[in-house]
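Numbering (this note's numbering), first residue to last: 11 to 244.
Before any comments, here is the structure.
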Ligand SMILES: C[S@@+](CC[C@H](N)C(=O)[O-])C[C@H]1O[C@@H](n2cnc3c(N)ncnc32)[C@H](O)[C@@H]1O
């Protein structure tokens, strides 16, 4: 999609937002526009009657984007957050579930059998992301998308824009965890990364097979052979 199309899509999206505070959020933050709008919205804005499962509401960037898609396509959004954001949006297509994301039996009661999109944007720790991803993967339709937020650590490295040790390490570990998952599931999923700001990842489900366990990639970086390679300048 070229920039002109995206600008038009974004202007139309903004014109449909009634809540002035949400509109201001989108206008004042190029970060979320690039990560969520430009990278995710074009893929989903024409999917008819889609079901979306969102983990993490907070400011409401992703929630407002998904509710717009639902309004356009007669879809439904199910949002889970440990904090009560039930009053953040008043929309007939929205179900808010106040819960931890790993309270699986409880969440199961509210959500449909299958969903088209899953956003994972709660606790940004690699093992937690893995747990949520594996639990909800069977609920994702073939060709559906899992969006994982916060997968780039560049933004948080020492002396960079948002210098933050914990976020640097968490995002980096999440990035490599997704690579490990892909390593054992090349036939089952496509994996992409967008490194804008704190980064976002897109996983597309290619078939209805079970997701294999993550397979840690064996690195040859710290080997004698690589040391010799460097000494020889090869
Ligand atoms: C980064 S914010 C979500 C941002 C949101 N997607 C947006 O676009 O504005 C993370 C959210 O996850 C919630 N959260 C953190 N840990 C959680 C957990 N284990 N289960 C459910 N929600 C959690 C927090 O309350 C917070 O609202």
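Positions of the beta carbon are idealized from the N, C-alpha and C atoms, including for glycine.
Would you report the Cα separation of residue i and residue j, rounded to the nearest angstrom?
| i | j | result |
| --- | --- | --- |
| residue 236 | residue 110 | 45 Å |
| residue 21 | residue 155 | 24 Å |
| residue 31 | residue 19 | 20 Å |
| residue 126 | residue 229 | 34 Å |
| residue 143 | residue 150 | 10 Å |
| residue 13 | residue 103 | 30 Å |
| residue 200 | residue 213 | 6 Å |
| residue 123 | residue 90 | 16 Å |
| residue 217 | residue 242 | 45 Å |
| residue 247 | residue 239 | Nothing can be reported for residue 247, as the shown portion of the chain is limited to 11 through 244. |
| residue 69 | residue 224 | 32 Å |
| residue 38 | residue 171 | 17 Å |
| residue 54 | residue 87 | 13 Å |
| residue 173 | residue 163 | 10 Å |
| residue 44 | residue 28 | 21 Å |
| residue 80 | residue 234 | 55 Å |
| residue 34 | residue 202 | 29 Å |
| residue 106 | residue 52 | 24 Å |
Which one of the options has the shortest CA to CA distance from residue i?
| i | options | result |
| --- | --- | --- |
| residue 215 | 194, 231, 198 | 198 |
| residue 108 | 220, 163, 95, 100 | 95 |
| residue 219 | 152, 30, 51 | 152 |
| residue 98 | 40, 137, 73 | 73 |
| residue 112 | 139, 81, 61, 173 | 139 |
| residue 118 | 148, 101, 137, 100 | 148 |
| residue 158 | 141, 39, 166, 83 | 141 |
| residue 8 | 167, 171, 136 | Absent from the structure is residue 8, since the part of the chain shown begins at 11 and ends at 244. |
| residue 40 | 173, 238, 61, 17 | 17 |
| residue 92 | 80, 86, 116 | 116 |
| residue 182 | 166, 128, 233 | 166 |
| residue 85 | 56, 164, 163 | 56 |
| residue 227 | 234, 191, 202 | 191 |
| residue 128 | 61, 233, 202 | 61 |
Looking at the unbroken beta strand (DSSP E) that takes in residue i, where does it start and where does it end?
| i | result |
| --- | --- |
| residue 129 | 125 to 130 |
| residue 61 | 61 to 65 |
| residue 158 | 150 to 159 |
| residue 88 | 86 to 91 |
| residue 215 | 210 to 215 |
| residue 107 | 104 to 108 |
List the endpoints of the continuous alpha helix (DSSP H) containing residue i.
| i | result |
| --- | --- |
| residue 202 | Run containing residue 202: none in the alpha helix (DSSP H); it sits in the beta strand (DSSP E), 199 to 204. |
| residue 36 | 30 to 38 |
| residue 73 | 71 to 83 |
| residue 17 | 13 to 26 |
| residue 176 | 175 to 193 |
| residue 239 | 234 to 241 |
| residue 136 | 136 to 146 |
| residue 118 | 114 to 118 |
Is the distance from the Cβ of residue i to the Cβ of residue j below 7 Å?
| i | j | result |
| --- | --- | --- |
| residue 46 | residue 75 | yes |
| residue 222 | residue 193 | no |
| residue 184 | residue 161 | yes |
| residue 78 | residue 42 | no |
| residue 186 | residue 145 | no |
| residue 8 | residue 49 | Residue 8 is absent from the structure shown; the chain starts at 11 and stops at 244. |
| residue 101 | residue 83 | no |
Inset, instruction - Evaluate the contact criterion for the segment 112 to 132 versus the segment 57 to 72: three or more CB pairs, one atom per stretch, below 8 Å. - result: yes
Inset, instruction - Check whether the segment 161 to 181 touches the segment 201 to 210, counting contact only when three or more Cβ pairs, one atom from each stretch, lie closer than 8 Å. - result: yes
Legend entry - Environment of ligand 2 in chain order, Cβ to heavy atom below 5 Å: As for ligand 2, it is missing from this structure, which binds only ligand 1.
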